[in-house]
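**Student:**
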Amino acid sequence: MVVVGVADGDTVTVLDRERRAQSRVRLSAIDTPERGQPWGTRARQALADKVFRRDVRVASEGEDRYGRVLGRLYVGNRDINREMVREGHAWVYRRYSLDAGLLEDERVAREGRRGLWSLPGSETVPPWEWRGTRRPGAREAEQHAVAIGPSLPPTCRTKTACREMSSCEEARFFLVQCGLTRLDGDGDGVPCERLCR
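One point on numbering: in this note's numbering, the residue at position 22 of the sequence shown is 331, and numbering is uninterrupted.
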């Protein structure tokens, strides 16, 4: 398989040359900053530098609720999921990881102030908490985020679905600036496909 697309720091598209089929792969056990979140672009670039247009092996662990393959990604013998954590581009996704070695890698990266750990503490909000502040009705998560980082702009709380958007530009604003990833259901970076053709 070869990586033909990198959506963010923990999601790639691979092409199976034999079957001539593409599939999306979500790197398991890790979570990287989202687009619009501090270090999100750098995490995506770090992953792209490691895997884009390279032959990879996916050790599948099933599928997620979005139909993406969940798994460990390898280039030769290199465990890319682990490298992303070691270099400070990703958190261990505690809810979905039982790998104590990954937690140790994260601790070492944090203590060494590698990657995202070099940012001020207010900017190192775990992605699962950051996403929670972007969902309507997530008041508790938002109040927690205010205590540890910048709060969500009031504009971002006004709309939550494609049917509420009046233009492609508005949909892009809510996707990029507000982190409203539900507007990009297929993860291709284009929100509200009917508006943004």
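Where a beta carbon is used, it is the ideal one built from N, C-alpha and C, also for glycine.
Compare the C-alpha of residue 346 against each of 378, 432, 427 and name the closest.
**Tutor:** The residue you call residue 346 lines up with position 37 of the sequence shown. Looking at the Cα atoms, 432 is the closest of the given residues.
**Student:** Per DSSP, what kind of secondary structure is residue 354 in: helix, strand or coil?
**Tutor:** Position 45 of the sequence shown, counted from the start, is the residue given in the question as residue 354. In this structure, residue 354 counts as helix in the three-state DSSP scheme.
**Student:** Going by CA-CA distance only, name the one from 376, 408, 477 that's closest to residue 338.
**Tutor:** Counting from one through the sequence shown, the residue named residue 338 turns up at place 29. The residue with the shortest Cα to Cα distance from residue 338 is 408.
**Student:** CA-CA distance, residue 458 and residue 440?
**Tutor:** Position 149 of the sequence shown holds residue 458. Position 131 of the sequence shown holds residue 440. Because the pLDDT of residue 458 is 34, which lies under 50, any placement of that residue in the model is unreliable, and the question is left without a value.
**Student:** Can you look up residue 400 in the DSSP assignment and give me helix, strand or coil?
**Tutor:** As a first step, residue 400 is located in the sequence shown; it is residue number 91 there, counting from the start. Strand at residue 400.
**Student:** Count the other CB atoms within 10 Å of the CB of residue 529; is the residue buried (16 or more) or exposed (fewer)?
**Tutor:** One cannot answer for residue 529 here, as it falls past the ends of the chain, which runs 310 to 506.
**Student:** List the whole-angstrom C-beta distance separating residue 364 from residue 310, where the pair is believed to meet the contact cut-off of C-beta under 8 Å.
**Tutor:** As a first step, residue 364 must be located in the sequence shown, where it is residue number 55. As a first step, residue 310 must be located in the sequence shown, where it is residue number 1. The Cβ separation is near 7 Å, so the contact holds.
**Student:** Cβ atoms of residue 341 and residue 319: under 7 Å apart, would you say?
**Tutor:** In the sequence shown, counting from the first residue as 1, residue 319 sits at position 10. In the sequence shown, counting from the first residue as 1, residue 341 sits at position 32. Going by C-beta atoms, residue 319 is nearer than 7 Å to residue 341.
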